[in-house]
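Protein chains in written order, with my numbering: chain S, 374 to 465; chain Z, 482 to 1042.
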């Protein structure tokens, strides 16, 4: 299954507005994407389009997360989501 | 015509049609099963449709909002169709629970999880519970909780309004506020005065009126009349004409014989301060700094605080700005400072007292204030809330001195501070009476409770006596240290006259009330104000104190105040 790692760039971490923007984007890519902290088992991965899951993940600025997806368009979807995580969304 | 007597909290006479605030959504009974003939698949589909509808509604509202409000609505919209919430509910439906009960329980467990994470996440638990109530309302086919939306302006009627409701209130759509519960110091009253909306609280039975009823609201007299007649329609028209006259304040508060009573504004931040300066405020008598801290899960940096304070100072170059240090606790909890499990928060660790349990926050705030003062031209005074003893006042003064703040002072809200004002004022440079809390503590009556509304008015002779004692304490101390009032009492023009007569030096209020207070104050001499103060103190009850004083001030009736 395609996967990518990304480092959280938003100052407030994956909370509040950055979490909302990311969850919405993850819900719009057309494939199911999961997110987990790097090193956590794949079984514990959470739905990346769920803002509540993202909030409980508690990823802070500088934390490294793993995104996974399967199916048509998975690679392109993951690339676009990595770009979003590595942008400081609080600055926009 | 049907009359509903209540307590007037913000003047104005207006006629409009009412919209009732929907009742809170009741909890679906524990264990409620799927209705006979409904399959789990059908119930889950209904749940998803309801969640999508709530999402779309919130998303549409976000499109019309701006700033922080927009961000909150967008995040809340996403929660409405969140897989964690919906899948949790779908599992319960598969086990036979009704869709309403399932989403209720799923929402509870998500909210509890967020609550246990603490800080920012704990605050979002409220949003999950709001979304849950909206989905249940959608499933039941009843109006969603919250302020109703309408294309035409209306009079909002509710049991009571919470701070969260008032934050989403659109002053262009709401003509007046009427509540069946709540007291004169409730959030409804405070928001109505700051928005300049006529308001009546504690009007029992008014929440039973059907939507669309025409009512007349008199926010000074505290009356509501359903199906008003021609004479009331004429009264509302006359008010509309005088209201425009009361919009202008010349910028000098004075009695008829030239005794100056500077009229200052209560503000929460830079935008408020700019608006207050435009309305002619002679300075700021209460800058509530906690507004810079609310919605935060950690303490803002000294630099960030200084920038927020400077934005207020910059609106009043060369003028007095009285800043109140962080007043967290009771109805204004802060996750990093206050303990939400206290059994009796109004009597708990709040205001200045948070320095006992979390030292450092106050020192850093004073450092930020001193930094902002250096970069601005305002005359900055700093006071601590909830001071109870001269010892606390002395300690606060030395903390201010260490930070380089020249004019330290105290709020007088605890009756003990009024009773020992002389000793307290030996330690600090000024005192400011916070009449809302002073009333709540003197009368032992919770500010938010409708049934206690008659106790909870600053017209209580006991409260007026405490004001008088504070002024006497300052005189006995001997250095003419100023005593101001910065509670909502100062915004009541009749009470403003009484406070002036009691010897209060400055009055600070919501900026919208400046013009009305100035207009009434300049019709009396200082000697007349002193007579009225004596009259109020001699009254056997708050009701008589108010009635006796108002009777001697015919200008109030002429202006519809």
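Where is the CB? At the ideal position from N, CA and C, for every residue including glycine.
Residue i, enclosing beta strand (DSSP E) - first and last residue
i: residue 870 of chain Z; result: Note, residue 870 of chain Z: premise wrong, no beta strand (DSSP E); not H, not E.
i: residue 489 of chain Z; result: 488-491
i: residue 513 of chain Z; result: Taken as a continuous stretch (DSSP letters only), residue 513 of chain Z belongs to no beta strand (DSSP E), as it is neither H nor E.
i: residue 343 of chain S; result: Here chain S has residues from 374 to 465 only, and residue 343 of chain S is not among them.
i: residue 442 of chain S; result: 437-442
i: residue 415 of chain S; result: That residue, residue 415 of chain S, is in no beta strand (DSSP E); it is neither H nor E in DSSP.
i: residue 766 of chain Z; result: 764-769
i: residue 966 of chain Z; result: 964-966
i: residue 459 of chain S; result: Run containing residue 459 of chain S: none; DSSP gives neither H nor E here.
i: residue 376 of chain S; result: 376-380
Rounded Cβ spacing between residue i and residue j (contact assumed at less than 8 Å)
i: residue 669 of chain Z; j: residue 1007 of chain Z; result: Going by Cβ atoms, the distance from residue 669 of chain Z to residue 1007 of chain Z rounds to 34 Å, so no, they are not a contact pair.
i: residue 429 of chain S; j: residue 594 of chain Z; result: 6 Å
i: residue 1065 of chain Z; j: residue 684 of chain Z; result: A query on residue 1065 of chain Z cannot be resolved here, the shown segment of chain Z reaching from 482 to 1042 and no further.
i: residue 810 of chain Z; j: residue 770 of chain Z; result: Contact doesn't hold; Cβ gap of about 14 Å is too wide.
i: residue 618 of chain Z; j: residue 626 of chain Z; result: 6 Å
i: residue 865 of chain Z; j: residue 891 of chain Z; result: 6 Å
i: residue 916 of chain Z; j: residue 939 of chain Z; result: 4 Å
i: residue 681 of chain Z; j: residue 703 of chain Z; result: 5 Å
i: residue 694 of chain Z; j: residue 498 of chain Z; result: 7 Å
i: residue 976 of chain Z; j: residue 952 of chain Z; result: Not really, about 15 Å apart at Cβ, beyond 8 Å.
i: residue 679 of chain Z; j: residue 697 of chain Z; result: Not really, about 10 Å apart at Cβ, beyond 8 Å.
Distance cut-off 7 Å: residue i Cβ against heavy atoms of the ligand GTP
i: residue 958 of chain Z; result: Absence of the ligand GTP is noted for the structure shown, with no ligands found whatsoever.
Cβ neighbour criterion (16 or more within 10 Å) applied to residue i
i: residue 485 of chain Z; result: buried
i: residue 426 of chain S; result: buried
i: residue 913 of chain Z; result: buried
i: residue 378 of chain S; result: exposed
i: residue 813 of chain Z; result: buried
i: residue 957 of chain Z; result: exposed
i: residue 473 of chain S; result: Here chain S covers residues 374 to 465 and nothing more, so residue 473 of chain S does not appear.
i: residue 518 of chain Z; result: exposed
i: residue 452 of chain S; result: exposed
i: residue 482 of chain Z; result: exposed
i: residue 395 of chain S; result: buried
i: residue 741 of chain Z; result: exposed
i: residue 476 of chain Z; result: Because chain Z in this structure spans residues 482 to 1042, residue 476 of chain Z falls outside the shown range and cannot be described.
i: residue 856 of chain Z; result: exposed
i: residue 623 of chain Z; result: exposed
i: residue 981 of chain Z; result: buried
i: residue 507 of chain Z; result: exposed
i: residue 825 of chain Z; result: exposed
i: residue 863 of chain Z; result: buried
Residue range of the unbroken alpha helix (DSSP H) whose run includes residue i
i: residue 917 of chain Z; result: 916-924
i: residue 594 of chain Z; result: 580-598
i: residue 435 of chain Z; result: The structure shown does not extend to residue 435 of chain Z, since chain Z spans only 482 to 1042, so no value can be given for it.
i: residue 395 of chain S; result: 389-401
i: residue 574 of chain Z; result: 564-575
i: residue 751 of chain Z; result: 751-759
i: residue 748 of chain Z; result: Careful: residue 748 of chain Z lies outside any alpha helix (DSSP H), inside the beta strand (DSSP E) at 744-748.
i: residue 530 of chain Z; result: 521-545
i: residue 1024 of chain Z; result: 1023-1032
i: residue 428 of chain S; result: 424-430
i: residue 954 of chain Z; result: 942-958
i: residue 1035 of chain Z; result: 1035-1040
Cutoff 8 Å: residue i Cβ touching any chain C Cβ
i: residue 431 of chain S; result: The displayed structure is made up of protein chains S and Z, and chain C is not among them.
Query raised in the report: What are the complete alpha helix (DSSP H) segments, minimum 4 residues, inside the region 660-711 of chain Z?
Result: Here the runs fully enclosed are 668-676.
Query - At least three beta-carbon pairs within less than 8 Å, the region 489-504 of chain Z to the region 523-541 of chain Z - result: no
**Report entry** Residue ranges of each beta strand (DSSP E) within the region 980-1009 of chain Z, 3 or longer
**Finding:** 987-990
Query raised in the report: How do the region 722-734 of chain Z and the region 991-1000 of chain Z stand: do at least 3 beta-carbon pairs fall below 8 Å, yes or no?
Result: yes
**Report entry** the region 870-886 of chain Z / the region 841-849 of chain Z touching (three or more Cβ pairs under 8 Å)
**Finding:** yes
Query raised in the report: Would you call the region 823-831 of chain Z and the region 779-793 of chain Z touching, i.e. three or more CB-CB distances under 8 Å?
Result: no
Requested in this report: Scan the region 782-858 of chain Z and note each continuous alpha helix (DSSP H) run of 4 residues or more that stays entirely inside, going in chain order.
Outcome: 783-794, 835-838 and 842-855
Report task. Give, in chain order, every unbroken run of the beta strand (DSSP E) that is at least 3 residues long and sits entirely within the region 616-650 of chain Z. Result -> 635-639
Report task. Quick one: which unbroken alpha helix (DSSP H) runs of 4-plus residues sit fully inside the region 886-910 of chain Z? Chain order, please. Result -> 896-900 and 902-908
Requested in this report: Could you say if the region 405-415 of chain S and the region 430-449 of chain S meet the contact criterion of at least three C-beta pairs nearer than 8 Å?
Outcome: yes
Query raised in the report: Counting pairs of Cβ atoms below 8 Å between the region 538-555 of chain Z and the region 632-640 of chain Z, do you hit three or more?
Result: no
Requested in this report: Kindly confirm or deny that the region 521-528 of chain Z and the region 539-546 of chain Z touch, where touching means at least three C-beta pairs closer than 8 Å.
Outcome: No: fewer than three Cβ pairs fall under 8 Å.
Query raised in the report: When the Cβ atoms of the region 867-880 of chain Z are set against those of the region 925-935 of chain Z, are three or more pairs found closer than 8 Å?
Result: No: the two stretches stay apart, fewer than three of their Cβ pairs being nearer than 8 Å.
Query raised in the report: Counting pairs of beta carbons, one from the region 796-803 of chain Z and one from the region 758-770 of chain Z, are three or more of them closer than 8 Å?
Result: The answer is yes - the region 758-770 of chain Z touches the region 796-803 of chain Z, with three or more Cβ pairs under 8 Å.
Requested in this report: Tell me, please, whether the region 679-695 of chain Z touches the region 452-464 of chain S by the rule of three or more beta-carbon pairs shorter than 8 Å.
Outcome: No, the region 679-695 of chain Z does not touch the region 452-464 of chain S.
Query raised in the report: Taking three-plus beta-carbon pairs below 8 Å as touching, is the region 961-974 of chain Z in contact with the region 707-722 of chain Z?
Result: The region 961-974 of chain Z, when compared against the region 707-722 of chain Z, does not touch it at the 8 Å Cβ threshold.
Query - At least 3 beta-carbon pairs within less than 8 Å: the region 577-590 of chain Z vs the region 606-613 of chain Z - result: yes
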